[in-house]
Amino acid sequence: MTIEAVLDTVALVLVLLGAVLCLTATIGLLRWRDVPTRLHAATKPQVLGVLLIVIAVELALRSWEALAFGIPIVLIQFATAPLAAHMVGRAAYRNRTTDEANLYVDELQHRTEQPGSTGAETRPEN
């Protein structure tokens with residue numbers, strides 16, 4: 000068995016694992032009911048699945064060009080997926096569309112100012 004055959008086999012396994020992770024992310028988005036669990040399903044397995052697929056493509060193509068295209072894809076996924084999930088989660092909390100009974104720790108509960116306010120409404124006057 001040559002090294003090329005081993006790399007092709009590893010690439011095949013990585014593509015299958017990445018596709019399964021992306022599929023579980025999709026199933027989680029459809030199956031779970033509340034926003035935090037859907038965000039968890041949308042970010043964690045999806046980002047890992049994309050990472051595995053990009054690594055598999057690099058192993059299959061074995062070129063510097065594929066690596067040059069793969070690195071920004073992975074970096075952008077790592078940067079944007081958690082940030083987008085955080086912003087959607089904050090918006091869902093502000094709109095009261097989360098299941099607040101199932102929150103174990105509510106770190107945003109002490110904030111009373113509304114979005115877009117200057118904060119002057121909540122400050123005591125001297």
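Using numbering that gives the first Met the number 0, the first residue of the sequence shown is number 0, and each one after it goes up by one.
The beta carbon of each residue, even a glycine, is placed where N, CA and C say it ideally should be.
Just so you know, these numbers come straight off a predicted model, no measurement behind them.
Extent of the continuous alpha helix (DSSP H) run through Val53: 34-60
Limits of the alpha helix (DSSP H) - the one that Asp7 falls within: 2-30
Three-state class that DSSP yields for Gln76 in the structure shown: helix
CB contact flag (Pro44, Ala18, <7 angstroms): no
Any non-hydrogen atom of the ligand SAH closer than 6 angstroms to Pro71 Cβ: Ligands in the displayed structure: none, and consequently the ligand SAH is not present.
Buried or exposed by the 16-neighbour rule on C-beta atoms within 10 Å, applied to Leu51: buried
For Val46 and Gln76, believed in contact at Cβ under 8 angstroms, the rounded distance: 5 angstroms
Tyr92 classed as buried or exposed, judged by whether at least 16 other C-beta atoms fall within 10 angstroms: buried
Ala84, buried or exposed, once every other Cβ within 10 Å from all chains shown has been counted against 16: buried
Three-state class that DSSP yields for Asn94 in the structure shown: coil
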